[in-house]
Amino acid sequence: MSSASFDFAPLFPAGLPPPAVRWTGRVKFDFTGGNNDSDRLPLDGLIAAAESVLRREGRTLSTYGLDSGPQGYRPLRDFLAGKLKADAGIACTADDILITSGSLQALDLINATLLARGDTVIIEEDCYQGSINRLTRLGVTPVGIPLDKNGMRMDALSNALEDLERKGIRPKYIYTIPTVQNPTATILPIERRQEMLRLAAAYGVPIWEDDCYADLVWSGERPPAIYSMSDRGDVIYIGSFSKSIAPALRVGYIVAPWEVMSRTLALKTDGGSGALEQMVLAEYCTRTFTKHVPELRRGLRAKLETLMESLREHFGTAAEFDDPKGGIFLWVKLPDSVDTMKLYEPALAAGVAINPGPQWSVNKERSRSRLRLCFASPSHEEIHQGVAALAEVCRREFGVRT
Ligand SMILES: Cc1ncc(COP(=O)(O)O)c(C=O)c1O
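Dropping the structure here:
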């Protein structure tokens, strides 16, 4: 073997994203990403489900699509149709559902179905980084709508739609995370959902509802899905098992009218999403989902309490936040002197990983001193120690008085 290395660089096409950095292991106090609580992972249940489903029908693994066709394992889609009806008010059948490899694949597929370079879309101003980055890469302009304590502001949405219409621009969709928004954890009340549907109809724009946190509302009660409230077939709905069971399983789904689904399905040329995961989830969830989720919520709420207490103890009034009604994230405002993009490196050096606000917003200035903290994955002790370490860095680097 020669030690000389082939130069691939001239072969890379224009427009590739910047190179990835090698993973060097998890940091001591990791408040990043959407990782779940390992103590609440229903491991025994998943093991038992794997054993029983494989013994019963494991030989179907010899086919692409498990004898269920290209939309995914039929019993999982049946479970979802029942769950979506019971929890979100969505009337759909297994035929309206496409299983994807995480809802990230759903984001890619719907974008590929609807978008072309130069298009405009409407999103929440503070928004999931994975969604923002995809739009940037596709050369699509996101128009950010500000949020308040009740999610996307409908007056601002109305103004944006009117403004775009005046300019002759018809946005391709209104993308929203209405139930426990990422990163703000706000929940869009039913009246705003109705108003969004009214505006969408008035301007001829479809709505794309991303609902992966909807199982994690502390009270267990969520407003009906926007999808369920429309009688015009103008809503595309996506969900995921990442936040309610486990992100590493990589199982998400799309519910969409056949006109969209048939085009999306034609773009899903991966031979089907991971079969074992779908089988195990269907087996587990059909029996145990409704028991598991309230336990998970209780554990997450307890961790949030620890995070809020730690912030009050170590930051005093310097850290501002609302008590979220659910989810796995706290969206925190630090004093204006703190630029969280600049806080990132020294915090990491102190063993604390955070998500800087500007990466989770299209309003870089307003989000400059904000950060997102995931409280699901670190232990109570790690939350406490990590917040203490972060406060120390903020004092040292930005003169924050805590
Ligand atoms: C709003 C939103 N959509 C989609 C995803 C993608 O999740 P997954 O691909 O794990 O289903 C996430 C992950 O954090 C998210 O927050």
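Here our numbering is used: position 388 in the sequence shown is 389, and no number is missing along the way. Backbone N, C-alpha and C define an ideal beta-carbon position, used for all residues, glycine too. Computed from a predicted model, the values in this text were never measured in an experiment.
Give me whichever residues DSSP pairs with residue i in a beta bridge.
| i | result |
| --- | --- |
| Asp88 | Answer is none; Asp88 lacks a bridge partner. |
| Lys334 | Glu321, Arg371 |
| Asp96 | Answer is none; Asp96 lacks a bridge partner. |
| Met153 | Leu148 |
| Gly253 | Thr101, Ser241 |
| Pro172 | According to DSSP, which records beta bridges pairwise, Pro172 is partnered with nothing at all. |
| Gly327 | Val218 |
| Asp31 | Ala354 |
| Glu210 | Thr177, Tyr238 |
| Ser362 | Asp127 |
| Pro143 | Val122 |
| Ile246 | DSSP output for Ile246 lists no bridge partner at all. |
| Ile188 | Thr180 |
Could you tell me the boundaries of the alpha helix (DSSP H) in which residue i lies?
| i | result |
| --- | --- |
| Asp109 | 103-115 |
| Glu260 | 259-268 |
| Tyr228 | 227-230 |
| Ile48 | 44-58 |
| Ile133 | 130-139 |
| Thr287 | 276-316 |
| Arg397 | 381-399 |
Start and end of the beta strand (DSSP E) containing residue i?
| i | result |
| --- | --- |
| Ser241 | 236-241 |
Pull up the CB-CB distance for residue i and residue j, whole angstroms please, since I reckon it's below 8 Å.
| i | j | result |
| --- | --- | --- |
| Asp88 | Gly300 | About 19 Å; that fails the 8 Å criterion. |
| Gly358 | Val252 | With 8 Å as the limit, Gly358 and Val252 do not qualify as a contact, their Cβ atoms being about 30 Å apart. |
| Ala186 | Phe376 | Going by Cβ atoms, the distance from Ala186 to Phe376 rounds to 11 Å, so no, they are not a contact pair. |
| Asp216 | Ile239 | That pair is no contact at about 14 Å. |
| Ile237 | Pro179 | Not quite, the Cβ-Cβ distance comes to about 13 Å (not below 8 Å), so this is no contact. |
| Gly327 | Val218 | 4 Å |
| Leu308 | Ala320 | So it is not a contact: roughly 10 Å between Cβ atoms. |
| Met280 | Tyr74 | 6 Å |
| Ala351 | Val394 | 5 Å |
| Ala202 | Arg233 | 6 Å |
| Gln72 | Ile98 | 7 Å |
| Pro43 | His293 | 5 Å |
So is the beta-carbon of residue i under 7 Å away from any non-hydrogen atom of ligand 3?
| i | result |
| --- | --- |
| Gly35 | Absence of ligand 3 is noted for the structure shown, with ligand 1 being the only ligands found. |
At least one CB of chain B closer than 8 Å to the CB of residue i: is that the case?
| i | result |
| --- | --- |
| Arg373 | Here chain B cannot be found, since the structure has a single protein chain. |
Problem set entry | Validate contact between the segment 376-388 and the segment 19-38 using beta carbons, cut 8 Å, 3 pairs | Taking 8 Å as the limit for Cβ pairs, the verdict is that the segment 19-38 does touch the segment 376-388.
For this session: Could you tell me whether the segment 195-213 touches the segment 165-181, using the rule of 3 or more Cβ pairs below 8 Å?
Result: The segment 195-213 and the segment 165-181 touch, with no fewer than 3 CB-CB distances between them shorter than 8 Å.
Problem set entry | Cβ pair count under 8 Å reaching 3, the segment 307-319 against the segment 349-365 | Verdict: no, contact absent.
Exercise. Between the segment 83-102 and the segment 251-267, do three or more beta carbon pairs fall short of 8 Å?
Worked result: With the rule of 3 Cβ pairs closer than 8 Å, the segment 83-102 counts as touching the segment 251-267.
For this session: May I ask you to verify whether the segment 260-279 touches the segment 61-73, counting CB pairs closer than 8 Å and requiring at least 3?
Result: Yes, the segment 260-279 touches the segment 61-73.
For this session: Answer yes if the segment 137-149 comes into contact with the segment 110-127, meaning at least three C-beta pairs across the two stretches below 8 Å, and no otherwise.
Result: As far as the Cβ criterion goes, the segment 110-127 touches the segment 137-149, which means the pair count is three or higher.
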